[in-house]
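> This is the structure I have questions about; it appears just below.
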Amino acid sequence: MTRTCVTLLLIMGILAACQNTPTSDRTPSSTSVSSLNDHAGPAVLVVTAHPDDEAMFAATMYRITHALDGDVHLALVTDGAGGYRFSTLAEPLYGKALTNQDIARQELPAIRKKELEAGGRIVGISNYFYIDQPDEGKTENADSVLQHVWDASHVASRLDEILAGHNYDFVFTHLPIKPFHAHHKAATILALEAVNRMDPSNRPIILGSFPTGGMDDVVAGFQELEGYPITAVRKDVGPWAFDRSTPFGTDNRLHYGIIANWLIAEHKSQGTMQLFMAGPAPGTERFWLYALNPESAIEPTASLMHSVNAPPHPF
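In this text, residue positions in the sequence shown follow our numbering: the first is 685, and each later residue adds one.
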């Protein structure tokens with residue numbers, strides 16, 4: 685581990701916020717590899733398949749960057765071009781026929797990256813790594829994605845480079861439950877394999893996340909994705925959680941569901957994302973410890989989530 689739980693406990697009292705302007709590793713001059721050293725709090729890499737998947741971590745990322753003086757980077761595996769199916773309402777906004785697949789595959793990747801970085805500015809994501817794999821079709825078969833759709837070797841190499849070039853404490857992934865988009869599962873599998881290839885003495889802790897409000901029974905029963913034992917989670921500890929409905933502000937009328945809503949609202953090319961806007965019950969962000977983590981990962985994970993939950997709120 686690169687930081688001890690003592691460091692995580694110390695950051696509980698930090699009130700200063702740090703929210704950097706998003707940058708992409710497409711332009712080397714705009715990426716600060718040393719930026720993690722400028723933060724006293726935890727360093728986190730989020731690995732997702734599509735622009736908008738980061739919404740599941742919205743409140744936790746916000747707390748890490750704003751309340752704990754942490755730093756969050758995001759590695760995006762696909763180019764997001766497959767989102768044209770839900771772009772009807774965005775066509776007049778962007779002045780493009782985004783539901784036309786041929787047009788969308790040319791235009792959507794850039795649009796969705798801008799939307800991603802606009803949402804990232806809200807929650808404090810400071811750096812982006814675009815791996816630009818094809819966002820082809822929707823399937824639940826992770827094997828087909830890894831073997832026939834993506835250049836899995838290239839993704840693995842990029843994740844290796846990203847992890848080696850930054851001193852991360854944690855990696856956040858989508859919990860790879862079976863009845864879900866295979867791109868999410870494939871991105872998580874590749875992230876787990878990348879962490880597993882690292883020197884055990886210098887690995888970040890890798891967690892799987894899924895918010896409440898959808899397939900809760902399936903999520904609660906998840907142990908591992910069939911055929912991929914590397915995805916096994918610990919059932920004897922966790923999950924750790926942060927409740928988006930944690931109140932603050934005048935008369936306690938505000939909560940972190942607002943942050944999730946703001947982030948989701950930036951993804952205007954994806955009409956169905958708006959259906960996940962937080963209402964009176966904005967849900968809870970939950971994190972499971974993957975079994976490949978060492979026993980020593982339990983205490984820092986518990987300390988991180990204790991700090992995320994600890995007042996003052998919002999920061």
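All C-beta atoms in this analysis are idealised placements derived from N, C-alpha and C, irrespective of residue type, glycine included.
(1) How long is the line joining the alpha carbons of residue 910 and residue 937, rounded to whole angstroms?
(2) Would residue 974 pass as a contact of residue 873 if the rule is Cβ separation under 8 Å?
(3) Counting only runs that start and end within the segment 797-861, where is the alpha helix (DSSP H) found for 4 or more residues in a row?
(4) Taking three-plus beta-carbon pairs below 8 Å as touching, is the segment 907-921 in contact with the segment 764-772?
(5) Any chance the segment 795-806 sits against the segment 847-856, with 3 or more Cβ pairs inside 8 Å?
(6) DSSP on residue 746, reduced to helix/strand/coil?
(7) Assign residue 919 to one of two classes, buried (16 or more other C-beta atoms within 10 Å of its C-beta) or exposed (fewer than that).
(8) Please name the residue in 801, 746, 724 and 736 whose C-alpha comes closest to that of residue 939.
(9) What are the residues that DSSP puts in a beta bridge with residue 931?
(10) Give me whichever residues DSSP pairs with residue 755 in a beta bridge.
(11) Does the segment 759-768 come close enough to the segment 824-831 that 3 or more CB-CB pairs lie under 8 Å?
(12) Quick check on the DSSP output: the beta strand (DSSP E) that includes residue 892 runs from which residue to which?
(13) Using a Cβ-Cβ cut-off of 6 Å (strictly less than) and excluding sequence neighbours within five positions of residue 929, which residues of its own chain qualify?
(14) How would you write the range of the alpha helix (DSSP H) that residue 877 sits in, first residue to last?
(15) Do residue 852 and residue 884 count as a contact pair if the criterion is CB distance below 8 Å?
(16) Taking residue 754 as the reference, give the member of 734, 943, 788 and 991 with the closest Cα.
This is what the structure gives:
(1) If you take the alpha carbons of residue 910 and residue 937, they lie about 43 Å apart.
(2) no
(3) 836-849
(4) No, because fewer than three Cβ pairs between the segment 907-921 and the segment 764-772 fall closer than 8 Å, the two stretches do not touch.
(5) no
(6) helix
(7) Its Cβ having fewer than 16 others within 10 Å, residue 919 is exposed.
(8) 746
(9) 939
(10) 727
(11) no
(12) Segment 889-895, the beta strand (DSSP E) holding residue 892.
(13) Hits under 6 Å: 939 and 966.
(14) 866-881
(15) no
(16) 991
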